[in-house]
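Peer 1:
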Amino acid sequence: MERIKFSNQVDVSRIVHGVWRLSEWNMSKQDVIGLVEHCLALGIDTFDHADIYGNYSCEELFGNALADQPALNNRLKIITKCGIKLLSDKKPEHYIKHYDTGYDHIIASAENSLRYLKRDQIDVLLIHRPDPFMNPYETARAFSDLRDSGKVKEFGVSNFMPSQFSMLQSYLDFFLVTNQVELSPVTLDNFENGVIDQCLEQRFSPMAWSPLGGGSIFTAQTHRILTIKNVLHKIADQLNCSIDQLMYAWLMAHPSKIIPIVGTGKLERITKAAEAMNIQLSRQQWFEIWVAAQGVSVP
Ligand code: NAP
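All letters in the sequence shown, in the order written, are residues -12 to 286 by our numbering.
Spelled out as structure tokens, the structure:
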């Protein structure tokens, strides 16, 4: 599978597997190992986590499953996130959901992630959401210390607008490597608000979360979703693929080299995602999906 070079230190598979929903999949340790091995066999070696996934449980579930398999764990690239503080029975000190991108929280969160994931290094640590109370001196100092100690190789952000990305970048003496944002044929905002323009300008690849609209394309019954789905089915028939594969292919066709994060726990659906690498859309097919999602022709 194609690789995306984030830096001289880190490259990731063109398709990443996301484990946000891992705690809902009721997987045994052996099932998690099976999932990881299945992904590796397809060339997907990069896994997207966050400290908060599964009410602060997914990193630990994943790490515990790999506890007796350090060689397998070492083959993986791990992306994780920090900066959101959830209301949770595990965090009785939080009385309101809020953000914390301060020095102490970033360091503590990264160290917890390493402990839960049973690793010595995180490949990429992302700030999960832009923080209106961010002190970028502190965030940058935490990044630098984690990098100098070898605990985290590279850093990025998630859900940042271009001005927020540039602001944080200006406090760092190394490059942020990605912005992980919502991108799919059902959510076009980040194509139009400057986020993708910034990726192209600064030459880094965006990561796309909820590439299938969080599953809404399969379940939602709104006029807009049904219109998009009809067009997806028409083009999928032409290309001899399924609509989930077409949605991944539509993202990967974009010149910014979007990295879709596959969110399904079903092995056969992960295989189909990997096969989507080989689907080539014409420019007009790409625009048919764009126009269906916009609801109007391009001007
Ligand atoms: P998604 O692929 O858009 O949605 C996954 C959902 O679609 C699952 O419920 C899945 O169910 C369902 N699905 C997939 N293929 C299907 C099919 N062929 N037919 C019917 N249902 C299907 O991705 P996502 O899970 O929302 O997000 C992917 C990853 O992005 C997450 O794991 C996480 O790592 C990351 N993420 C990041 C942020 C952020 O703020 N940075 C936010 C959200 C997510 P099954 O499991 O049953 O297949």
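Where is the CB? At the ideal position from N, CA and C, for every residue including glycine.
Keep in mind the model is a prediction, meaning the values are calculated, not measured.
Taking a contact to mean a Cβ-Cβ separation below 7 Å, would you say residue 46 touches residue 100 in this structure?
Peer 2: Result yes, Cβ atoms of residue 46 and residue 100 sit closer than 7 Å.
Peer 1: Compute the Euclidean distance between the alpha carbons of residue 214 and residue 103, then round it to the nearest angstrom.
Peer 2: Their Cα atoms are separated by approximately 43 Å.
Peer 1: For ligand 1, I want to know if residue 202 counts as a neighbour, meaning its beta carbon is within less than 6 Å of at least one of the ligand's heavy atoms.
Peer 2: Within the cutoff, so yes.
Peer 1: Taking the beta strand (DSSP E) that residue 5 falls in, what are its first and last residues?
Peer 2: Unbroken beta strand (DSSP E) run through residue 5: 3 to 5.
Peer 1: Return the Cβ separation of residue 223 and residue 233 in integer angstroms, given the expectation that the two are a contact with Cβ distance under 8 Å.
Peer 2: Indeed they touch by this definition, with Cβ atoms about 5 Å apart.
Peer 1: My understanding is that residue 66 touches residue 39, with C-beta atoms under 8 Å, so please give their C-beta distance in whole angstroms.
Peer 2: About 14 Å; that fails the 8 Å criterion.
Peer 1: Pick from 190, 273 and 59: whose alpha carbon is nearest that of residue 26?
Peer 2: For the residues 190, 273 and 59, the minimum Cα distance to residue 26 belongs to 59.
Peer 1: Using three-state DSSP, classify residue 69 as helix, strand or coil.
Peer 2: Strand.
Peer 1: Taking the alpha carbon of residue 194 as the reference point, which residue from 8, 163, 56 and 204 has its own alpha carbon closest?
Peer 2: Closest by alpha carbon: 163.
Peer 1: Any idea which residues DSSP pairs residue 171 with across the strands?
Peer 2: In the DSSP output, where bridge partners are listed per residue, residue 171 has 174.
Peer 1: Residue 15: which of 36, 196, 207 and 50 sits nearest, CA to CA?
Peer 2: Taking only the C-alpha atoms, the option nearest residue 15 is 50.
Peer 1: Do the stretch 119 to 133 and the stretch 190 to 205 make contact, defined as three or more Cβ pairs closer than 8 Å?
Peer 2: No contact exists between the stretch 119 to 133 and the stretch 190 to 205.
Peer 1: I'd like to confirm the pairing. Which residues does DSSP put opposite residue 194 in its beta bridges?
Peer 2: Paired residue(s): 167 and 246.
Peer 1: By alpha-carbon positions, which one of 260, 34, 272 and 22 ends up nearest to residue 218?
Peer 2: Checked all of 260, 34, 272 and 22; the closest Cα to residue 218 is 272.
Peer 1: Please report the distance separating the alpha-carbon of residue 236 from that of residue 153.
Peer 2: Approximately 29 Å, taken between the alpha carbons.
Peer 1: For residue 123, collect the residues of the same chain with a Cβ closer than 7 Å to its Cβ; drop the 5 residues on either side in sequence, then sort them by chain order.
Peer 2: Cβ neighbours of residue 123 beyond the five flanking positions: 154, 155 and 158.
Peer 1: Using alpha carbons as the reference points, say which of 180, 61 and 171 lies closest to residue 149.
Peer 2: Minimum Cα distance to residue 149 is reached at 180.
Peer 1: Please report the residue range of the beta strand (DSSP E) in which residue 35 lies.
Peer 2: Its beta strand (DSSP E) spans residues 33 to 35.
Peer 1: With a Cβ-Cβ cutoff of 7 Å, do residue 288 and residue 30 count as a contact?
Peer 2: Only positions -12 to 286 of the chain appear in this structure, which leaves residue 288 out of reach.
Peer 1: Quick one: using the 10 Å Cβ neighbour count with 16 as the cut-off for buried, is residue 33 buried or exposed?
Peer 2: Buried, because 16 or more other Cβ atoms sit within 10 Å of the Cβ of residue 33.
Peer 1: Could you tell me which residues DSSP puts in a beta bridge with residue -8?
Peer 2: BP columns for residue -8 point to -2.
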